[in-house]
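Accompanying notes for the structure given below.
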Ligand code: SF4
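Protein chains in written order, with the working numbering: chain A, 1 to 275; chain B, 1001 to 1486.
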């Protein structure tokens, strides 16, 4: 198992694609230290920026992991990008594009994560114990291929446009979500245990968004369908209602499902006259 | 006195190219055809804040220096930086931007233009949705419905309505100017009579009329050009409009989506959207569908209100939907005269219109990550070059703090707020007055900028200053490579 500790506080963006179990596995410490990594516009070696150690630990948090990172790597981008196997555990904050296009394995972060975490991921799991930035699971600019599978769990809050362009998979947010959650999503499930800012599900064509807290307003292009007692989130997980079920987004001929917890949203009761 | 005709005005994105200047003893003394902004630029550009000599900061004080010294210092700053930013570009010509991009590539920096704080979101959405657009000439001759959303052309692009839209005399559409005069006069007379009646007969105190009229004015159903303004407050332009929709602040997205639903003949399950009654919206949606050639212009009121790029996403989608029923186009109201040019040059040189990061040696683009404001807010840069722009005056305070903490190079004709905080300042010639070049109008039509007077002695153009810095940087890097090899 490889343990990485930042050798200093970073100022410039670090392009850390090589911090990936597929790349590091089977390499000795010396080999790893020589791997190329970018700091700002200067090519460096991992050994110049990180202290690299091989260690065994009994700490249950990181016992199974192939790579553990101890410390603040919030400037390091693309950690675990494209990874297929193995596990990364990060004890600290981490930068953008964490696990971008990952195809398998697991990333666990005991800290906060910057934007585009799990961007376009295909499979695998990302578990974030702090907050996540904007564009969780969403594709890069101009691309309309969002998350294609896998699972993202966030215990804190997330920024705007979580799950934009999502095609499959599940995002579970145990805190609150920013605007435009599930923007243009085509399929998959997004669960928000607490509140969501307005414009949830804008332009969605299919899929499911469940909001367990307060939602200021539903977009005018959604239509109310019914009131449901409970909603399935995933295997063995059900959210207890009652929920208003809205269908939309009609401007995109969508039939996505937007569930909004009834008890916390009395201001939406005027929709009941259309039931 | 020599009169120079067909001069392009280097102020706003309308880029009027019919300005006539009278020149006397190397000075502009008279401006014809221009608006107030244009006149004040041509007559007042050579004010007291003009810089005439390059400056370098030594021990906290500016000292005058030679161009050569300043170029050397600037090149040192950029060549040594780990993550420099190069910002500005929208008030200079395309030729300078082209050199700037080469410089950014050479020093491995982030090059970004002022779109990042105005129409950046529009560009992102255009890449997502696409844009049905045309030239302003088409609009002048054919548009019979003109909508401005989140933009006050009367104040920000004063000749836009007169030259390109409602008040211009097109080949197939007449100017609506006469109608507006009559309307304004009639409404003033009516108001006077009404208030007199109230005061004299009903003994009421004069009251302020409600902002939103519940009924659409009858003019909306008349033939000919119509002007619709959608904004959060009743602007100067709104007063002339056939129809004004006052949208609640930050609710533009809801309104756009409601329009999209109405145009698809969907029924809305709410009574009002963004503070506007639904019947009212139905009427306007009807007018949109029934026009022959509609155009929607949108400004920073839409790009910078809550929702940002998704507002534009919805606006573009609305136009796409409308094109299934009639002919409709859409265009951003670009602010600076050559911000469109900065985007265009950046696109043909790097593939991306703004926020291009060369730190890995090849261009990368991801606004939010590679946009200058975000880079500064995250405190990642370690040097900056600012050209023809004043970020200290209009960036968020935290970003400015980081910008001025690190070495800063400024190229500008004026001693603006940014130049005052700089370490190296280059005076430059005014593009479009003292230097020629190319600029792109808001509809992507390139127009020539004229040189009508000579710049002050020793003052170079933006392009020339950048070229000198670039060649010095190249020299330094070559020298360093030789040293490393040895
Ligand atoms: S509208 Fe704009 S381009 Fe035209 S004269 Fe006025 S400032 Fe110049």
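We put the beta carbon where it would ideally sit given N, CA and C, even for glycine. Since this is a predicted model, take the numbers as computed values, not measurements.
CA-to-CA distance, residue j to residue i, given in whole angstroms
{"i": "residue 102 of chain A", "j": "residue 73 of chain A", "result": "19 Å"}
{"i": "residue 1398 of chain B", "j": "residue 1404 of chain B", "result": "10 Å"}
{"i": "residue 1326 of chain B", "j": "residue 1140 of chain B", "result": "18 Å"}
{"i": "residue 1052 of chain B", "j": "residue 1363 of chain B", "result": "35 Å"}
{"i": "residue 1293 of chain B", "j": "residue 40 of chain A", "result": "50 Å"}
{"i": "residue 1132 of chain B", "j": "residue 49 of chain A", "result": "48 Å"}
{"i": "residue 105 of chain A", "j": "residue 4 of chain A", "result": "19 Å"}
{"i": "residue 1208 of chain B", "j": "residue 1185 of chain B", "result": "Confidence at residue 1208 of chain B is low in this model, with a pLDDT of 48, below 50, so its placement is unreliable and no value can be given for it."}
{"i": "residue 161 of chain A", "j": "residue 115 of chain A", "result": "10 Å"}
{"i": "residue 238 of chain A", "j": "residue 211 of chain A", "result": "13 Å"}
{"i": "residue 1469 of chain B", "j": "residue 1071 of chain B", "result": "5 Å"}
{"i": "residue 1340 of chain B", "j": "residue 205 of chain A", "result": "34 Å"}
{"i": "residue 1031 of chain B", "j": "residue 1039 of chain B", "result": "6 Å"}
{"i": "residue 1213 of chain B", "j": "residue 1104 of chain B", "result": "With a pLDDT of only 48 at residue 1213 of chain B, under 50, the local geometry of the prediction cannot be trusted, and no value is derived from it."}
{"i": "residue 1272 of chain B", "j": "residue 1278 of chain B", "result": "5 Å"}
{"i": "residue 1056 of chain B", "j": "residue 1226 of chain B", "result": "55 Å"}
{"i": "residue 1372 of chain B", "j": "residue 1081 of chain B", "result": "15 Å"}
{"i": "residue 1007 of chain B", "j": "residue 1033 of chain B", "result": "10 Å"}
{"i": "residue 1023 of chain B", "j": "residue 1455 of chain B", "result": "14 Å"}
{"i": "residue 1459 of chain B", "j": "residue 1412 of chain B", "result": "11 Å"}
{"i": "residue 93 of chain A", "j": "residue 46 of chain A", "result": "19 Å"}
{"i": "residue 20 of chain A", "j": "residue 1352 of chain B", "result": "29 Å"}
{"i": "residue 97 of chain A", "j": "residue 247 of chain A", "result": "32 Å"}
Closest residue to residue i among the options (Cα-Cα distance)
{"i": "residue 1142 of chain B", "options": "B/1174, B/1273 and B/1240", "result": "B/1174"}
{"i": "residue 1021 of chain B", "options": "B/1122, B/1452, B/1351 and B/1478", "result": "B/1452"}
{"i": "residue 57 of chain A", "options": "A/48, A/133, A/49 and A/67", "result": "A/67"}
{"i": "residue 1183 of chain B", "options": "B/1243, B/1165, B/1118 and B/1129", "result": "B/1243"}
{"i": "residue 1247 of chain B", "options": "B/1229, B/1321 and B/1260", "result": "B/1229"}
{"i": "residue 25 of chain A", "options": "A/245, A/65 and A/12", "result": "A/65"}
{"i": "residue 79 of chain A", "options": "A/178, A/118 and A/43", "result": "A/118"}
{"i": "residue 1159 of chain B", "options": "B/1014, B/1473 and B/1407", "result": "B/1014"}
{"i": "residue 1419 of chain B", "options": "B/1125, B/1235, B/1137 and B/1400", "result": "B/1400"}
{"i": "residue 69 of chain A", "options": "A/82, A/37, A/99 and A/110", "result": "A/110"}
{"i": "residue 150 of chain A", "options": "A/138, A/159 and A/142", "result": "A/138"}
{"i": "residue 1300 of chain B", "options": "B/1336, B/1266 and B/1059", "result": "B/1336"}
{"i": "residue 1035 of chain B", "options": "B/1150, B/1156, B/1025 and B/1066", "result": "B/1156"}
{"i": "residue 1297 of chain B", "options": "B/1037, B/1136 and B/1483", "result": "B/1136"}
{"i": "residue 1358 of chain B", "options": "B/1484, B/1100 and B/1430", "result": "B/1100"}
{"i": "residue 13 of chain A", "options": "B/1148, B/1484 and B/1376", "result": "B/1376"}
{"i": "residue 1004 of chain B", "options": "B/1012, B/1017 and B/1011", "result": "B/1017"}
{"i": "residue 1388 of chain B", "options": "B/1269, B/1338 and B/1473", "result": "B/1338"}
{"i": "residue 165 of chain A", "options": "A/136, A/159, A/158 and A/178", "result": "A/136"}
{"i": "residue 187 of chain A", "options": "A/216, A/52, A/197 and A/257", "result": "A/257"}
{"i": "residue 1079 of chain B", "options": "A/42, A/202, A/192 and A/112", "result": "A/42"}
{"i": "residue 123 of chain A", "options": "A/140, A/45, A/81 and A/218", "result": "A/81"}
{"i": "residue 1361 of chain B", "options": "B/1449, B/1109, B/1390 and B/1094", "result": "B/1109"}
{"i": "residue 1311 of chain B", "options": "B/1128, B/1048 and B/1166", "result": "B/1128"}
{"i": "residue 152 of chain A", "options": "A/159, A/145, A/180 and A/107", "result": "A/107"}
Burial state of residue i, where buried means 16 or more other Cβ atoms lie within 10 Å
{"i": "residue 1001 of chain B", "result": "exposed"}
{"i": "residue 1480 of chain B", "result": "exposed"}
{"i": "residue 208 of chain A", "result": "buried"}
{"i": "residue 1423 of chain B", "result": "buried"}
{"i": "residue 1211 of chain B", "result": "Any reading at residue 1211 of chain B needs caution, since the residue's pLDDT is 46, under 50, leaving its predicted position unreliable; the model's value is listed next. With fewer than 16 Cβ atoms within 10 Å of its Cβ, residue 1211 of chain B is classed as exposed."}
{"i": "residue 59 of chain A", "result": "exposed"}
{"i": "residue 1348 of chain B", "result": "exposed"}
{"i": "residue 16 of chain A", "result": "buried"}
{"i": "residue 1193 of chain B", "result": "exposed"}
{"i": "residue 1334 of chain B", "result": "buried"}
{"i": "residue 1485 of chain B", "result": "exposed"}
{"i": "residue 1382 of chain B", "result": "buried"}
{"i": "residue 260 of chain A", "result": "buried"}
Can you give, in chain order, each stretch of the alpha helix (DSSP H) that sits fully within the segment 1367–1400 of chain B and has at least 4 residues?
-> Runs found: 1372–1377 and 1391–1394.
Length at least 3, wholly inside the segment 1162–1195 of chain B: the beta strand (DSSP E) runs in chain order = For the segment 1162–1195 of chain B, there is no continuous beta strand (DSSP E) assignment of 3+ residues that stays within its boundaries.
Counting only runs that start and end within the segment 1064–1111 of chain B, where is the beta strand (DSSP E) found for 3 or more residues in a row?
-> 1084–1088, all fully within the segment 1064–1111 of chain B.
May I have a chain-ordered list of the beta strand (DSSP E) segments no shorter than 3 residues that lie completely inside the segment 1450–1475 of chain B?
-> Correct list: empty.
Return the chain-ordered ranges of every beta strand (DSSP E) run that is complete within the segment 132–218 of chain A and spans a minimum of 3 residues.
-> Counting whole runs of 3 or more residues, the segment 132–218 of chain A contains the beta strand (DSSP E) stretches 148–154, 168–173, 189–192 and 208–211.
Continuous beta strand (DSSP E) assignments of at least 3 residues falling wholly in the segment 1036–1060 of chain B | For the segment 1036–1060 of chain B, whole beta strand (DSSP E) runs of length 3 or above, ordered along the chain, are 1055–1058.
Note down, one range per segment and in chain order, each beta strand (DSSP E) of at least 3 residues found wholly within the segment 67–98 of chain A.
-> Fully enclosed beta strand (DSSP E) runs of no fewer than 3 residues occupy 67–70 and 87–91 of the segment 67–98 of chain A, in order along the chain.
Starting from the N-terminal side, write out each stretch of the alpha helix (DSSP H) that is 4 residues or longer and does not extend beyond the segment 1240–1300 of chain B.
-> DSSP runs (the alpha helix (DSSP H)) wholly in the segment 1240–1300 of chain B: 1252–1263 and 1278–1290.
Taking the runs of the beta strand (DSSP E) that are 3 residues or longer, which of them lie wholly in the segment 1309–1371 of chain B?
-> For the segment 1309–1371 of chain B, whole beta strand (DSSP E) runs of length 3 or above, ordered along the chain, are 1327–1332.
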